[in-house]
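Protein chains in written order, with the numbering used here: chain A, 1 to 112; chain B, 113 to 228.
Here you go:
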């Protein structure tokens with residue numbers, strides 16, 4: 001059974017704060033690490049797919065880093081806005097095109 | 113193309129009834145996945161198809177669950193003799209497998225099932 005863990009479980013920040021979450025995953029048989037944002041009543045939205053150790057990706061105010069040797073990824077949000085409020089999920093992919101193993105998510109609430 | 117669609121969005125049923133959900137993937141996507149999410153948990157993999165072939169099934173997919181993708185386009189997930197433990201959000205995703213590393217799986221909005 002693959003173990004994908006995310007921390008913290010939930011986070012409340014003020015508008016304008018910067019924040020980060022952690023995803024830890026098995027360091028063996030790594031293929032890719034996916035980040036999703038899931039707002040209530042909407043479809044999970046793909047943020048990043050990361051495949052190479054040391055990878056850094058950025059999309060607007062959101063960025064992510066990847067360390068496959070030690071099995072962790074960080075997601076950063078700079079200058080949080082209320083519309084960033086969502087659950088952020090990471091998912092570990094072991095072999096191409098097969099199942100994603102998700103963490104339990106980090107629920108972010110940004111207060112205006 | 114408006115993305116992955118799922119119908120119905122909500123389903124309430126009584127224990128013991130059969131239910132069927134439909135997923136329409138993004139056009140041209142050859143892979144289609146089903147996941148299930150219960151409260152407080154991340155989505156859990158159920159099964160996936162490449163074109164019409166069902167390539168992998170999770171041990172979560174008991175005998176009461178069956179999935180099909182008859183023409184390699186839309187897919188259905190049927191649950192027979194529903195139990196209260198089947199109450200969950202059922203998510204569908206699709207991807208285009210072209211041999212590149214880490215293809216993105218695009219998710220639909222899910223079907224929320226409540227078994228009374």
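In this text, a Cβ means the ideal position worked out from N, Cα and C, and glycines have one as well.
Does any residue of chain A have a CB that is nearer than 8 Å to the CB of residue i?
i	result
residue 210 of chain B	no
residue 168 of chain B	yes
residue 202 of chain B	no
residue 133 of chain B	no
residue 125 of chain B	no
residue 150 of chain B	no
residue 216 of chain B	yes
When you compare only the Cα positions, how much space is there between residue i and residue j?
i	j	result
residue 47 of chain A	residue 112 of chain A	23 Å
residue 67 of chain A	residue 27 of chain A	9 Å
residue 221 of chain B	residue 69 of chain A	34 Å
residue 20 of chain A	residue 90 of chain A	13 Å
residue 176 of chain B	residue 99 of chain A	21 Å
residue 22 of chain A	residue 74 of chain A	5 Å
residue 224 of chain B	residue 169 of chain B	21 Å
residue 190 of chain B	residue 17 of chain A	45 Å
residue 61 of chain A	residue 194 of chain B	44 Å
residue 42 of chain A	residue 54 of chain A	31 Å
residue 104 of chain A	residue 37 of chain A	12 Å
residue 123 of chain B	residue 4 of chain A	30 Å
residue 129 of chain B	residue 198 of chain B	11 Å
residue 32 of chain A	residue 2 of chain A	14 Å
So what does residue i bridge to, in DSSP terms?
i	result
residue 10 of chain A	A:107
residue 41 of chain A	BP columns for residue 41 of chain A are empty, so no partner.
residue 46 of chain A	A:36
Whose C-alpha, out of the options, is nearest the C-alpha of residue i?
i	options	result
residue 138 of chain B	B:116, B:209, B:164	B:116
residue 118 of chain B	B:199, B:173, B:146, B:155	B:146
residue 14 of chain A	A:83, A:73, A:3, A:59	A:83
residue 204 of chain B	B:217, B:196, B:140	B:217
residue 71 of chain A	A:7, A:95, A:30, A:9	A:30
residue 164 of chain B	B:158, B:186, B:200, B:124	B:186
residue 211 of chain B	B:142, B:166, B:151	B:142
residue 56 of chain A	A:39, A:35, A:45	A:35
residue 24 of chain A	A:39, A:93, A:108	A:93
Compare the C-beta of residue i with all C-beta atoms of chain B and state if any pair is closer than 8 Å.
i	result
residue 21 of chain A	no
residue 51 of chain A	yes
residue 104 of chain A	yes
Between which two residues does the beta strand (DSSP E) containing residue i stretch?
i	result
residue 100 of chain A	100-102
residue 67 of chain A	62-67
residue 104 of chain B	A question about residue 104 of chain B goes unanswered here, because the residues of chain B that appear run from 113 up to 228.
residue 119 of chain B	117-119
residue 169 of chain B	165-169
residue 133 of chain B	131-136
residue 206 of chain B	200-207
residue 224 of chain B	223-227
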